[in-house]
Amino acid sequence: MEKELIQLMNDQLLEEAALSFGVVFQDLNYIGGFQNFIYEYVKNGKTYILRITHSSHRDIDSVKAELDWVHDLHRHGVSVSKPVTSRHDNPLEVIHLDDSYVMVTSFEKAPGIKINYPDCMNNDSLSEKCGEITGQIHSLSKSYVTAIHSVKRHDWTGNYYLNHANQFIPVSQWQVFANMEQLKTQIHGLPKTESYGLIHGDINIGNFLVDGDRITLFDFDECQYSWFAEDIAIQLFYMVYVVLDDSLQERHDQARRFMKHFLKGYERQHSIHADSLKHMELFLRLREIIVYVGMYRSFDFSNLNDWTQKYIQQSRNRLEAGTSIVQNLF
Numbered sequence: 001m002e003k004e005l006i007q008l009m010n011d012q013l014l015e016e017a018a019l020s021f022g023v024v025f026q027d028l029n030y031i032g033g034f035q036n037f038i039y040e041y042v043k044n045g046k047t048y049i050l051r052i053t054h055s056s057h058r059d060i061d062s063v064k065a066e067l068d069w070v071h072d073l074h075r076h077g078v079s080v081s082k083p084v085t086s087r088h089d090n091p092l093e094v095i096h097l098d099d100s101y102v103m104v105t106s107f108e109k110a111p112g113i114k115i116n117y118p119d120c121m122n123n124d125s126l127s128e129k130c131g132e133i134t135g136q137i138h139s140l141s142k143s144y145v146t147a148i149h150s151v152k153r154h155d156w157t158g159n160y161y162l163n164h165a166n167q168f169i170p171v172s173q174w175q176v177f178a179n180m181e182q183l184k185t186q187i188h189g190l191p192k193t194e195s196y197g198l199i200h201g202d203i204n205i206g207n208f209l210v211d212g213d214r215i216t217l218f219d220f221d222e223c224q225y226s227w228f229a230e231d232i233a234i235q236l237f238y239m240v241y242v243v244l245d246d247s248l249q250e251r252h253d254q255a256r257r258f259m260k261h262f263l264k265g266y267e268r269q270h271s272i273h274a275d276s277l278k279h280m281e282l283f284l285r286l287r288e289i290i291v292y293v294g295m296y297r298s299f300d301f302s303n304l305n306d307w308t309q310k311y312i313q314q315s316r317n318r319l320e321a322g323t324s325i326v327q328n329l330f
């Protein structure tokens, strides 16, 4: 489907998408995207992001629900990229195609710079900032009421990669599939207490910018209902997965250091029960299978660099053994 979607991005569609937010398509600068097409543009001296989402990825109600929540977080003072309305004062514009449609949304561009690897690692101040904004989101999530005109977002079981693993992972990896199903059953059995609600679902260094002592978070496309521990485990996973097994002690040291400073910031905004943190290893395993499926979906396995080859093999080993990337943290 990905190739077909790329073919959809012709000048006519881009022109209509750009005009819906008051610019021309020549002003759009493509900056990437994985499941959406992301462009940057400048209007009245201010920089914005234009996002084009195909109906095979999300439906209209789902995108409206995302935008409603981001607006609510912004109203409550969370540093997020604010959605902006179209020239027709709509939260999104729909462009109909032959047998599908795309949705066009726009956001104020976050200020600041991206903090890449390895600078993000062992960066105690950054870890604390990540914890603080995550805690702020989780605290507000507990009292968030879905807007009347939108439906609720999906829960964790609606993840694309979990539901399409058999399309990408070779059937010969039967143990990966067996352990994935067992893991899903374990997570299903967790109690939905006060530590469950709407989460960002994909906080990583690619989804926030840093401006001085402030983080601005964006890309809520994966927001979902889940345990708050999953939102934390996702960040921990991305902070340590780059360290391969030949530096296992370094990985565990990095994990403990990150969590120490992350929780320092988090607990200024929200308290999470110790029992919830004990489930972190389940959610680390969940994120690993999601990333693993994503690699099989998108990577050319005939042309992998050394790090990627090693990571995929070590990841498979963990998935087949049913172990998380770091253990015994709590």
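Take the sequence shown: its letter number 297 is residue 297 in full-length UniProt numbering, and every next letter is one higher. Using N, Cα and C, we set each Cβ at its ideal position, and we do this for glycine too.
Going by DSSP, what residue range makes up the alpha helix (DSSP H) through residue i?
| i | result |
| --- | --- |
| K129 | 124-141 |
| W227 | From DSSP, W227 is part of no alpha helix (DSSP H) but of the beta strand (DSSP E) over 224-227. |
| K43 | Premise fails: K43 lies in the beta strand (DSSP E), 37-43, not in any alpha helix (DSSP H). |
| V291 | 280-298 |
| L14 | 11-19 |
| S276 | 274-277 |
| L162 | 160-163 |
| S62 | 60-75 |
For residue i, name the three-state secondary structure that DSSP assigns.
| i | result |
| --- | --- |
| N179 | helix |
| K3 | In this prediction, K3 has a pLDDT of 48, which is less than 50 and means its spatial position is unreliable; nothing more can be read from the coordinates. |
| L92 | coil |
| M239 | helix |
| S324 | coil |
| N207 | helix |
| T85 | coil |
| L329 | coil |
| D27 | helix |
| I232 | helix |
| Q155 | The question names Gln, but residue 155 in the sequence shown is Asp. Note: D155 maps to strand in three-state DSSP. |
| I115 | coil |
Taking residue i and residue j to be in contact with their CB atoms under 8 Å, please state how far apart those CB atoms are, rounded to whole angstroms.
| i | j | result |
| --- | --- | --- |
| L319 | N163 | Between N163 and L319 the Cβ distance is about 17 Å, and since that is not below 8 Å, they are no contact. |
| E181 | K264 | Not really, about 37 Å apart at Cβ, beyond 8 Å. |
| E222 | D253 | Rounded, the Cβ-Cβ distance is 29 Å, inconsistent with contact. |
| V84 | I52 | Actually they are not in contact, since the Cβ atoms of V84 and I52 sit about 15 Å apart, beyond 8 Å. |
| A274 | F330 | 7 Å |
| V242 | I325 | In fact, because the Cβ distance is near 11 Å, the residues do not count as touching under 8 Å. |
| D89 | Y144 | Actually they do not touch by this definition, with Cβ atoms about 24 Å apart. |
| W25 | S86 | Checking the displayed sequence, the identity of residue 25 turns out to be Phe instead of Trp. Wrong, their Cβ atoms sit about 15 Å apart, outside the cutoff. |
| L28 | L13 | With a Cβ gap of about 11 Å, L28 and L13 do not count as contacting. |
Using 8 Å as the threshold, is the C-beta distance between residue i and residue j below it?
| i | j | result |
| --- | --- | --- |
| V293 | A165 | yes |
| D231 | T308 | no |
| S106 | L50 | yes |
| R153 | Q224 | yes |
| I31 | N116 | no |
| V80 | F299 | no |
| L92 | K64 | yes |
| F262 | C130 | yes |
| L282 | I169 | no |
| A17 | V104 | yes |
| W227 | L190 | yes |
| R268 | E66 | no |
| Y160 | E108 | no |
| S195 | I272 | yes |
| S100 | H57 | no |
| A229 | S276 | yes |
| H200 | F177 | no |
| A233 | R287 | yes |
| L244 | Q314 | yes |
Kindly indicate the opening and closing residues of the beta strand (DSSP E) around residue i.
| i | result |
| --- | --- |
| Y48 | 46-54 |
| G265 | Segment 248-266 is the alpha helix (DSSP H) holding G265; no beta strand (DSSP E) there. |
| L198 | 196-199 |
| R318 | Where R318 is concerned, there is no enclosing beta strand (DSSP E), although the alpha helix (DSSP H) it sits in stretches over 306-321. |
| R214 | 214-217 |
| F107 | 101-108 |
Could you tell me whether the region 71-87 touches the region 134-143, where touching means 3 or more Cβ pairs closer than 8 Å? Inter-segment contact for the region 71-87 and the region 134-143 is present: three or more beta-carbon pairs are separated by less than 8 Å.
Meets three-Cβ-pair contact criterion under 8 Å: the region 103-123 and the region 206-220: yes
If you pair each beta-carbon of the region 117-132 with each one of the region 254-262, do three or more pairs fall below 8 Å? Contact between the region 117-132 and the region 254-262 is present, with at least three C-beta pairs closer than 8 Å.
Between the region 85-102 and the region 38-49, can you find at least three pairs of beta-carbon atoms closer than 8 Å? no
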